[in-house]
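A.B. asks: For reference, the structure I am asking about is given below.
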Ligand SMILES: *Cc1c(COP(=O)(O)O)cnc(C)c1O
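Below, the structure written as C-alpha cells:
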C-alpha cells in the first residue's frame, strides 16, 4: 500500500533531543526554542515568533491577543480545518463563513466585503495547500474597515505572496508542524506576530499570563500574574526535534516540489481532455508542494476513484467537510442558512494524492497511470 503520508525523519532528531536533555533544561523557552525562533525570523522576516504546541494553540493565542469576545464576528472560510474557526468560537465570537474561489479552494477575496458588518473584528484566511490568498486585496479590505487579519498558514511554510513569506503579511499568523505537514515535530506550531503592538502581550499569554519571559531577559526583577493566557509553549524536546527539520528545509522542499511537478506533468493530459481539474497557482503565489490534489466532476466519481485507487494499493483521501454544515456548527447556529456552493464543491470533489518526502518517482508514475486507467 502506498500511504497518503509518511513522516520524514532527518536522522538528527534524537541527537538534538539528547543535546537538549544534556543541557539540563527541558521545559520550554530554552536553547533550541531560541534557535528555532531565530531561524524563522531571519529566514522569513517575521517580526516576532513564538513556538506553540500546535497551530490550533497559535490560533487560540491569536484570538486572545485580538481580544475576541462575545458579540464579535470573525470571517472564516468554510472550507478549512476545524481549528481556524474553533479558536475564535471558544472566545465567544460568531463565525461568518466565507466561500472558496471557483479556481482555488482559498477564500473568495472578491466576496469578502459583503460579509463585513459593524461587529466584524477579524478575518482568518487559509493558504490552502500552501498557495497564497490574494493578500493585497485582503489587507486593503481589512484596513478600510479597521479589521485584523490572521493568516492560517498551517500548510504554508516557505511559501510566498509576491515575494513576501506567508505568515508575515497579516497582523498575526499561525503555522503547524503536525506530522502531516512539510516540516514536522509530531505536534507543534508557531505564532508569528507582525504588528509591534502585540509583541509584549504575546509573550505573557504564551507563559500562562505571567511576565516570566521579561524576567528571563532581565527586564523585570520578579515575575507574576499579569494577564490571561495558558501554557502554549512546547518543551525543549519538541523544539530540538523541530530544529533538526529546519536545517533540512531546502532539501525537503526541493524533493516535494519535484514530486509535485511530476504529478502535474503526468496528469496534465487528463485535464486537457476535461476529465479532472489540477491545482491552480496564481501568478502572485509560489507552490511549496504541501499537497497534490485533483478535482473530480462530482462526489460519485470522486468516491469511486478513491475506491479504485485503494484496490490498486494507493491511499488517496478527500479533505475538509464544509464547516458551515458540520454537526457542531449547525447545533450552535440553528438559523444558519449559509449557501456556499464552492466550499461544498471542494467538499464533494477534491482528492488528495500521496505526498511525502520518501515517495519515489516510480510511485508517482504508478499513481498517475492508475488514475489514467480509471478514466479510460
Ligand atoms: C493542520 C492544520 C491546522 C491544525 O494544525 P495543528 O498543528 O494540528 O493544530 C489548522 N489549520 C489548517 C489549515 C491546517 O491544515
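In the numbering used here, the protein residues as written are 1 to 376. Ideal placement from N, C-alpha and C gives every residue a C-beta, glycine not left out.
#1: Should residue 95 and residue 237 be called a contact, given that it needs their Cβ atoms to be closer than 8 angstroms?
#2: On a Cα-Cα basis, can you pick out the residue from 287, 10, 155 and 214 that is closest to residue 81?
#3: List in chain order the residues whose CB is within less than 6 angstroms of at least one heavy atom of ligand 1.
#4: What are the residues that DSSP puts in a beta bridge with residue 152?
#5: Check the DSSP bridge columns for residue 77 and list the partner residues they point to.
#6: Please list, in chain order, all residues of the same chain as residue 54 whose beta carbon is under 6 angstroms from its beta carbon, the five residues on each side excluded.
#7: What does DSSP give as the partner residues of residue 225 in its beta bridges?
#8: Inspect the beta-carbon positions of residue 348 and residue 299 and report whether they are closer than 8 angstroms.
#9: Our contact map puts residue 338 next to residue 97 with C-beta atoms below 8 angstroms; I'd like the distance itself, whole angstroms only.
#10: What residues are listed by DSSP as bridge partners for residue 352?
#11: What ranges does the alpha helix (DSSP H) occupy inside the region 249-295, keeping only unbroken runs of at least 4 residues that lie completely in it?
#12: May I ask you to verify whether the region 137-154 touches the region 111-128, counting CB pairs closer than 8 angstroms and requiring at least 3?
#13: DSSP beta-bridge partners for residue 164?
#14: Which residue's Cα is closest to the Cα of residue 454: 245, 215, 73 and 375?
#15: Rounded C-beta distance between residue 268 and residue 259? I'm assuming under 8 angstroms.
#16: Determine the extent of the beta strand (DSSP E) in which residue 51 is found, giving its start and end residues.
#17: In the DSSP assignment, find the alpha helix (DSSP H) that holds residue 14 and state where it starts and stops.
#18: Give every residue of the same chain whose Cβ lies closer than 6 angstroms to the Cβ of residue 130, excluding the five residues on either side of it in the sequence, and list them in chain order.
#19: Evaluate the contact criterion for the region 46-64 versus the region 202-221: three or more CB pairs, one atom per stretch, below 8 angstroms.
#20: Provide the residue(s) that pair with residue 189 in DSSP beta bridges, ordered along the chain.
#21: Please determine, among 79, 78, 88 and 77, the residue with the shortest C-alpha to C-alpha distance to residue 70.
#22: So, under 8 angstroms CB-CB, residue 305 and residue 351 are touching, yes? Tell me the CB distance rounded to an integer number of Å.
#23: Would you grab the beta carbon distance between residue 20 and residue 32 for me? Rounded to a whole angstrom, and I think it's under 8 angstroms.
C.D. replies: Taking the coordinates as given:
#1: The beta carbons of residue 95 and residue 237 sit no closer together than 8 angstroms.
#2: The shortest Cα separation from residue 81 among 287, 10, 155 and 214 belongs to 155.
#3: Spelled out in chain order, the answer is 54, 55, 56, 80, 81, 83, 84, 126, 152, 154, 155, 176, 178 and 189.
#4: Under the DSSP definition of a beta bridge, residue 152 partners with 126 and 174.
#5: In the DSSP output, where bridge partners are listed per residue, residue 77 has 98.
#6: For residue 54, the CB contacts under 6 angstroms within the same chain, skipping 5 residues up- and downstream, are 187 and 189 in chain order.
#7: Checking the DSSP bridge columns, you'll see residue 225 partnered with 210.
#8: Cβ atoms of residue 348 and residue 299: closer than 8 angstroms.
#9: Confirmed, about 5 angstroms.
#10: Beta-bridge pairing links residue 352 to 293 and 317.
#11: Listed in chain order, they are 249-272.
#12: The count of Cβ pairs closer than 8 angstroms, one atom from the region 137-154 and one from the region 111-128, reaches three, so the stretches are in contact.
#13: Bridge partners of residue 164: 161.
#14: Here the chain covers residues 1 to 376 and nothing more, so residue 454 does not appear.
#15: Not really, about 15 angstroms apart at Cβ, beyond 8 angstroms.
#16: If you look at residue 51, you'll find it in the beta strand (DSSP E) that goes 48-52.
#17: Where residue 14 is concerned, the enclosing alpha helix (DSSP H) stretches over 13-23.
#18: Shown here for residue 130: same chain residues with a beta carbon closer than 6 angstroms to its own, the five before and five after excluded, namely 155, 156, 159, 288 and 290 in chain order.
#19: Taking 8 angstroms as the limit for Cβ pairs, the verdict is that the region 202-221 does touch the region 46-64.
#20: When beta bridges are read from the DSSP output, residue 189 appears opposite 52 and 176.
#21: A check of alpha carbon separations from residue 70 across 79, 78, 88 and 77 identifies 88 as the nearest.
#22: The Cβ separation is near 6 angstroms, so the contact holds.
#23: Rounded, the Cβ-Cβ distance is 6 angstroms, consistent with contact.
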